[in-house]
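Novice: What the sequence shown shows, in the numbering used here, is residues 79 to 417, in sequence order. We put the CB at the ideal spot given by N, CA and C, even for glycine. It should be emphasised that the depicted structure is a prediction, and the values quoted were computed from it without experimental measurement.
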Amino acid sequence: MIPLEYWRADHAAAQFDWLPLPASLSFPPLAAGAEQLVRLGVRRPDTSSLPAGAQYQGLLEVTDDLGTRWQVPVSADASATAVAAGPQLNNGSSVSPRAGLWVGSAVIDAVSQPAHPGDPNLTRPAGGDFTFRLLVHVDAGGNARLLQRAFLVRKPPVMVPDPANPGFNIIGEPARTVVLTDESFLSPVIGNGEVVGRRISSAAFGFSQPVLFSGGPFGAGTLGGTVTVGFDDPLNPFKHVYHPDHDNLDERFEQTLPEGRESFTVSRDITLEFTPTDPLGLNSPGWGSSEVGGHYRELITGLHRRPIRIAGTFQLIRVAEAAALNDGQGPTVAQAGNR
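(1) Along the alpha helix (DSSP H) that carries residue 264, what are the first and last residues, could you check?
(2) DSSP beta-bridge partners for residue 233?
(3) In terms of residue numbering, what span does the beta strand (DSSP E) encompassing residue 151 cover?
(4) Short check: CB of residue 232 to CB of residue 255, under 8 Å?
(5) With distances taken Cα to Cα, identify the nearest neighbour of residue 107 among 347, 142, 182, 257.
(6) Nearest-angstrom Cα distance between residue 145 and residue 136?
(7) Cα-Cα, which of 199, 92, 172 is closest to residue 389?
(8) Could you give the DSSP three-state label for residue 277: helix, strand or coil?
(9) At the level of alpha carbons, what is the spacing between residue 202 and residue 378?
(10) Just the Cα atoms here: how many angstroms apart are residue 304 and residue 340?
(11) First and last residue of the beta strand (DSSP E) that includes residue 319?
(12) Would the region 361-371 and the region 317-334 be scored as touching if the rule is three or more Cβ pairs under 8 Å?
(13) Helix, strand or coil for residue 83? Go by DSSP, reduced to three states.
(14) For the region 305-313 and the region 254-268, state whether three or more C-beta atom pairs, one from each stretch, are separated by less than 8 Å.
(15) Residue 357 and residue 373 - do their beta-carbons sit closer together than 8 Å?
(16) Quick one: Cα of residue 117 to Cα of residue 285, how far?
(17) For residue 269, which residues from the same chain have a beta carbon less than 8 Å from its beta carbon, with the 5 sequence-adjacent residues on both sides left out?
(18) DSSP puts residue 292 in a beta bridge; with which residues?
(19) Tell me which residue opens and which closes the beta strand (DSSP E) that residue 242 is part of.
(20) Taking DSSP as the reference, what is the three-state secondary structure of residue 161?
(21) Are at least three pairs of beta-carbons, each pair with one atom in the region 286-301 and one in the region 325-340, less than 8 Å apart?
(22) Might you give, ordered along the chain, the residues of its own chain that have their beta carbon closer than 6 Å to the beta carbon of residue 252, omitting 5 neighbours on each side?
(23) Considering Cα atoms alone, identify which of 403, 383, 223, 404 is closest to residue 191.
(24) Identify whether residue 396 lies in helix, strand or coil by the three-state DSSP scheme.
(25) Which of the three DSSP states, helix, strand or coil, is assigned to residue 387?
(26) Taking 6 Å as the limit between beta carbons, can you name the residues of its chain near residue 211, skipping five residues before and five after?
(27) Just to confirm the assignment, what range does the beta strand (DSSP E) spanning residue 173 have?
(28) From the DSSP output, in three-state form, read off residue 415 for me.
(29) Within 10 angstroms of the Cβ of residue 295, are there 16 or more other Cβ atoms? Answer buried if so, exposed if not.
(30) Checking the sheet assignment: what are the DSSP bridge partners for residue 376?
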């Protein structure tokens, strides 16, 4: 039996969620010419018990009170990514099943109080939510990198001479979507044509090179990485170009002051702890396959004499399956992540 769910949207009760599809699902009678939209999805975590490549098959029967009856065939491939541990590959393939660009958000709802007389490290309810965007790229080997921005563009096909028909060209490399991390890579990849694609960025980060995560695996384990903002970085919160007490310059505005005089290096130790189910309880049918998430935590040092801790949840959805970062242009994935 195919593990299906349906989307319940009860606007009167403000209930919006995915529910398991029962053996029989009925709806109130419709007026003549009216339609009933039923949104179905495959519960991906429930397909992980079958080997990758296996397929579910079944029939949905649709009837009405006038004797009309339809039988709708339904099929679904077993999930190749809803697994609990270890870097998984598709039946010997060298490409991680979770490779690609994942975009989502973190929702922060708890923060520590460094001056608290009790436990200054305990994260306490913040009284509100703070949301910011997250971008993570996973390469063919399953390595995850945090990005500040990404350009999703369509790379045109590469034409090569047809050996069987001299004077004619054939497609040597088909068009594909690539993920770039710098605007300067656009022209070498797509040429002088019109840019067809999209730019995605996060205002919560200011670094230029991808930050390599350690740990994992992505989607099932715990990842960690550090974002550092140098004391003389233009985006450092202590520095201000037009404030003489926060420009990191001496009284004559000639010599750069050392760290600790007017500004401090800020470090953000980020932890992504993936959970097998949606921490928000939305029960998305694609959870563990096309959608992942869990608990988000940060340890911030440099802003206060004591560390500041924040906590919340995060969700990521795969928007592109491009396993290579900066494909065809710029630094390699390893170089981009280790600068």
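Specialist: On the basis of the data shown:
(1) 264-268
(2) 254
(3) 147-155
(4) yes
(5) 142
(6) 22 Å
(7) 199
(8) strand
(9) 15 Å
(10) 23 Å
(11) Element bounds for residue 319: n/a, residue is neither H nor E.
(12) no
(13) strand
(14) no
(15) yes
(16) 40 Å
(17) 234
(18) 302
(19) Segment: none, residue 242 is in no beta strand (DSSP E) and carries neither H nor E.
(20) Note that residue 161 has pLDDT 39, beneath the 50 cutoff, so the model's placement of it is unreliable and the number below is only indicative. Three-state result, residue 161: coil.
(21) no
(22) 235
(23) 383
(24) strand
(25) strand
(26) 183, 280
(27) Taken as a continuous stretch (DSSP letters only), residue 173 belongs to no beta strand (DSSP E), as it is neither H nor E.
(28) Residue placement at residue 415 is flagged as unreliable, the pLDDT there being 42, under the threshold of 50; the coordinate-derived value follows with that caveat. DSSP places residue 415 in helix when its eight states are reduced to three.
(29) buried
(30) 348, 388
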